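Q: Have a look at this one before I ask anything.
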Amino acid sequence: MRDGHVGGPLAHAGEWDAAKAHFGNPGLVFYRFGFAFHRRGTQAEAEGGLLASAYEDILQALCSLKRDGWYSMWYERAKDIPSRAHDRYTRGEIRFSERVAVGLGRESVYEVGLAFHPVYGVPYIPASTLKGLTAHYVHEVVGEQLGHSAFKRGGEAHRFLFGTVDEGPNSEDRSRGALVFHDALLAPESLACLRLDVMTVHYPSYYREVDTPHGMDDPIPIYFLSLDCPTFLLRLGIDCADPKAEAWLAWSWERLLDALTSWGVGGKTSSGLGRARARQVEGATSPAQPAGPKKGDVVRVRRIEPPEGKKGVWFETVDEPRLYGDLEGGKEETSPPIGEITELMLKQKDVRDPQRVKWSHPPRLKPQASPSPRPMGGRGTRR
């Protein structure tokens, strides 16, 4: 707010009307000055209460950011922040296929909250939310379901990526994780996607455990704000001297996207909210290392000695980043000698080690039939 003449919550209503034009921060409108926009006696107030009556003004404040243009400038600047803070980073825009409501449990006079950026006042996804989501996904899916104990909470890989927080403030075992999560910022084209939503509790006495769900209760509509299919900017960096840092970053980025697409983020994910579409719309990675090959790519590899305790025929990539693994069905008598370069297809990656892969022979192309030679002595030939 940029008006110094408004005395406070008890100021004259006329002063608030004059100040409304100077509200350019949607977060302040939502969390601090909703009462200033409360229209008593209106249909919106009768149907939805305080939040419904203030919704149009919160949306108008968001749209003003899009018209002013400064938020777009700051958004473009925020894209480059990871490149200045980390040697290795990745970023990308991701589009959500459903509504998103992050921060519903925050304290608010509306009974429900929403996460607004503390400085710029736009809806956002806090970095702590993204870190918690990814850490829990890695623990549950990679650690528990796939059976890789190193990725369970407290395991070596989990501690390396996400750090430790459970040992207490005075514990010497506490450590920060190698991954650095940044706040997910709302794209400028999504500033006007704020929507007034409602969830209706049909059996309040049953949920309070005071009666059976007999269907005689009065339904209680609860209004809240959500974002309709927004686009967010994701940013992830890694700060460590590990030689596999680039591979760890790429692996963690994939797990973050997996968590957003399969689990969702924010409130009411069990009802389908918060799910992202498959993969990012636009991305960029740090120039420190080139992007690695994908599943199905044919790459140049060099035969190496098998690691200690391993058998089979092993190869590693000639170019960076380094990937290594054994050849599926590889036989000594048909394989090139140690140190010789050939081409193999990347069949699959090991979820436990970002550099470990499985190689296979690329599919052979069917030889094209050569054109039949023109018969000698035929029509039109010269002798």
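Taking UniProt numbering, the leading residue of the sequence shown gets 1, the next gets one more, and so forth. Glycine included, C-beta positions come from ideal geometry on N, C-alpha and C. Note that this is a predicted model, so its numbers are computed, not measured.
1. What's the gap between the Cα of L186 and the Cα of L260?
2. Grab me the residues of L191's own chain with a C-beta within less than 6 angstroms of its C-beta, minus the 5 sequence neighbours each way, in chain order.
3. With a CB to CB cut of under 6 angstroms and the five nearest residues on each side skipped, what residues in its chain are close to S335?
4. In the DSSP assignment, the beta strand (DSSP E) including E189 goes from what residue to what residue?
5. CA-CA distance, L130 and P188?
6. For P363, which residues from the same chain have a beta carbon less than 7 angstroms from its beta carbon, with the 5 sequence-adjacent residues on both sides left out?
7. Let me check one thing: in DSSP terms, what residues is E343 bridge-paired to?
8. Three or more C-beta pairs under 8 angstroms: does that hold for the region 129 to 143 against the region 254 to 269?
9. By the DSSP assignment, the beta strand (DSSP E) with E93 in it spans what residues?
10. Compute the beta-carbon to beta-carbon distance between L234 and A184, rounded to the nearest angstrom, for a pair I have assumed lies under 8 angstroms.
11. Going straight from the alpha carbon of K295 to that of K311, what length do you get?
12. What is the DSSP secondary structure of V198, counted as helix, strand or coil?
13. I need the boundaries of the alpha helix (DSSP H) containing K131, first residue and last residue.
14. Under DSSP, the beta strand (DSSP E) around K358 begins and ends at which residues?
15. Just to confirm my understanding: we take R27, look at its own chain, exclude 5 residues before and 5 after, and list those with CB closer than 6 angstroms. What are they?
16. Measure the Cβ-Cβ separation of P293 and V299 and say whether it is below 7 angstroms.
17. Can you give me the Cβ contacts of S226 inside the same chain, cut-off strictly under 6 angstroms, excluding the 5 residues immediately before and after it?
18. Got a sec? Which residues, its chain only, sit under 7 angstroms from residue 392 by beta carbon, not counting five neighbours each side?
19. State the Cα-Cα distance for the pair C193 and K268, rounded to the nearest angstrom.
20. Any idea if G92 is buried or exposed, counting beta-carbon neighbours within 10 angstroms, 16 or more meaning buried?
21. Under 7 angstroms between the Cβ atoms of A52 and Y223?
22. Around the Cβ of S252, are there at least 16 other Cβ atoms within 10 angstroms (buried) or fewer (exposed)?
23. Ends of the alpha helix (DSSP H) at I81?
24. Go ahead and label E343 buried or exposed: buried means 16 or more other beta carbons lie within 10 angstroms of its beta carbon, across all protein chains shown.
25. Using CA atoms only, rank isn't needed, just tell me which of R95, E156, E76, E209 is closest to D228.
26. May I have the straight-line CA-CA distance separating V357 from M345, to the nearest angstrom?
27. Does A85 pass the burial test, meaning 16 or more other C-beta atoms within 10 Å, or should it be called exposed?
28. Just the C-alpha distance for V29 and E56, rounded to the nearest angstrom, thanks.
29. Determine the closest residue to S97 out of F232, S175, D239, with distance taken between C-alpha atoms.
30. Give every residue of the same chain whose Cβ lies closer than 8 angstroms to the Cβ of L161, excluding the five residues on either side of it in the sequence, and list them in chain order.
31. Which residues in the same chain have their Cβ closer than 7 angstroms to the Cβ of E107, if we skip the five residues on either side of it in sequence?
32. Does the separation of the CB atoms of P221 and H202 fall below 7 angstroms?
33. Excluding the 5 residues preceding and the 5 following P126 in the sequence, name in chain order all residues of the same chain whose CB lies nearer than 7 angstroms to its CB.
34. Exposed or buried, what is I338 when buried is set at 16 or more other beta-carbons lying within 10 Å of its beta-carbon?
35. Could you tell me which uninterrupted alpha helix (DSSP H) segments, each at least 4 residues in length, are contained entirely in the region 203 to 290, listed from first to last along the chain?
36. Is the separation between the beta-carbon of L50 and that of Y110 shorter than 7 angstroms?
A: In this structure, then:
1. On the sequence shown, position 186 is the one that residue 186 refers to. On the sequence shown, position 260 is the one that residue 260 refers to. Going by the C-alpha atoms only, they are around 15 angstroms apart.
2. Here the question's residue 191 lines up with position 191 in the sequence shown. Around L191: L62, L65, K66.
3. The residue you call residue 335 lines up with position 335 of the sequence shown. V313, listed in sequence order.
4. For the purposes of this step, residue 189 is taken as the residue at position 189 of the sequence shown. Per DSSP, E189 belongs to no beta strand (DSSP E) and is neither H nor E.
5. Numbered from 1 along the sequence shown, position 130 holds the residue referred to as residue 130. Numbered from 1 along the sequence shown, position 188 holds the residue referred to as residue 188. The straight-line gap from Cα to Cα measures roughly 20 angstroms.
6. The residue labelled residue 363 in the question sits at position 363 within the sequence shown. Counting only Cβ-Cβ distances below 7 angstroms, and skipping sequence neighbours, we find nothing.
7. To locate residue 343, count along the sequence shown from 1; it is residue 343. Answer is R300.
8. yes
9. Here residue 93 refers to the residue found at position 93 when the sequence shown is read from its first residue. Its beta strand (DSSP E) spans residues 88 to 95.
10. Position 234 of the sequence shown, counting from 1, holds the residue named residue 234. Position 184 of the sequence shown, counting from 1, holds the residue named residue 184. About 5 angstroms separates the two Cβ atoms, so the contact holds.
11. Here residue 295 refers to the residue found at position 295 of the sequence shown. Here residue 311 refers to the residue found at position 311 of the sequence shown. Approximately 23 angstroms between the Cα atoms of the pair.
12. On the sequence shown, position 198 is the one that residue 198 refers to. Note: V198 maps to strand in three-state DSSP.
13. If you number the sequence shown from 1, residue 131 lands on position 131. Its alpha helix (DSSP H) spans residues 127 to 137.
14. As a working note, residue 358 is residue 358 in the sequence shown. Segment 356 to 360, the beta strand (DSSP E) holding K358.
15. Counting from one through the sequence shown, the residue named residue 27 turns up at place 27. Here residue 27 is Gly; the residue named in the question, Arg, does not match the sequence. Here the set comprises F116, G121.
16. As a position in the sequence shown, residue 293 is number 293, starting the count at 1. As a position in the sequence shown, residue 299 is number 299, starting the count at 1. Yes, the Cβ-Cβ distance between P293 and V299 is below 7 angstroms.
17. Within the sequence shown, numbered from 1, the residue matching residue 226 stands at position 226. Correct list, in chain order: R99, A101, R195, D197.
18. The displayed coordinates of the chain run from 1 to 383. Any statement about residue 392 would go beyond what the structure contains.
19. Position 193 of the sequence shown, counted from the first residue, corresponds to residue 193. Position 268 of the sequence shown, counted from the first residue, corresponds to residue 268. Taking the straight line from one Cα to the other gives about 18 angstroms.
20. As a first step, residue 92 is located in the sequence shown; it is residue number 92 there, counting from the start. Buried: at least 16 other Cβ atoms inside 10 Å.
21. As a first step, residue 52 must be located in the sequence shown, where it is residue number 52. As a first step, residue 223 must be located in the sequence shown, where it is residue number 223. Cβ distance < 7 angstroms, so A52 and Y223 count as in contact.
22. Residue mapping note: residue 252 aligns to position 252 of the sequence shown, counting from 1. Result: buried.
23. In the sequence shown, counting from the first residue as 1, residue 81 sits at position 81. Residues 81 to 85.
24. By 1-based counting over the sequence shown, the position of residue 343 is 343. When all chains shown are included, E343 counts as exposed.
25. Mapped onto the sequence shown, residue 228 falls at position 228. For D228, the nearest C-alpha among the options comes from R95.
26. Taking the first residue of the sequence shown as 1, we reach residue 357 at position 357. Taking the first residue of the sequence shown as 1, we reach residue 345 at position 345. Going by the C-alpha atoms only, they are around 10 angstroms apart.
27. In the sequence shown, residue 85 corresponds to position 85, counting from 1. Classification of A85: exposed, given that the 10 Å Cβ count is below 16.
28. Numbered from its first residue, the sequence shown carries residue 29 at position 29. Numbered from its first residue, the sequence shown carries residue 56 at position 56. Answer to the nearest angstrom: the Cα atoms are 11 angstroms apart.
29. As a working mapping, residue 97 is identified with position 97 in the sequence shown. Among F232, S175, D239, the Cα nearest to that of S97 belongs to F232.
30. Here residue 161 refers to the residue found at position 161 of the sequence shown. Cβ neighbours of L161 beyond the five flanking positions: A135, V138, G177, A178, L179, W248, S252.
31. Translated into the one-based positions of the sequence shown, residue 107 becomes position 107. Correct list, in chain order: G113.
32. Stepping through the sequence shown from its first residue, residue 221 is reached at position 221. Stepping through the sequence shown from its first residue, residue 202 is reached at position 202. No, Cβ-Cβ distance for P221 and H202 is not below 7 angstroms.
33. Position 126 of the sequence shown, counted from the first residue, corresponds to residue 126. If we look at P126 and ignore the five residues flanking it on each side, its Cβ neighbours are A115, D183.
34. One-based indexing of the sequence shown puts residue 338 at position 338. So I338 ends up on the exposed side.
35. 204 to 207, 245 to 262
36. Mapped onto the sequence shown, residue 50 falls at position 50. Mapped onto the sequence shown, residue 110 falls at position 110. A contact, by the Cβ cut-off of 7 angstroms.
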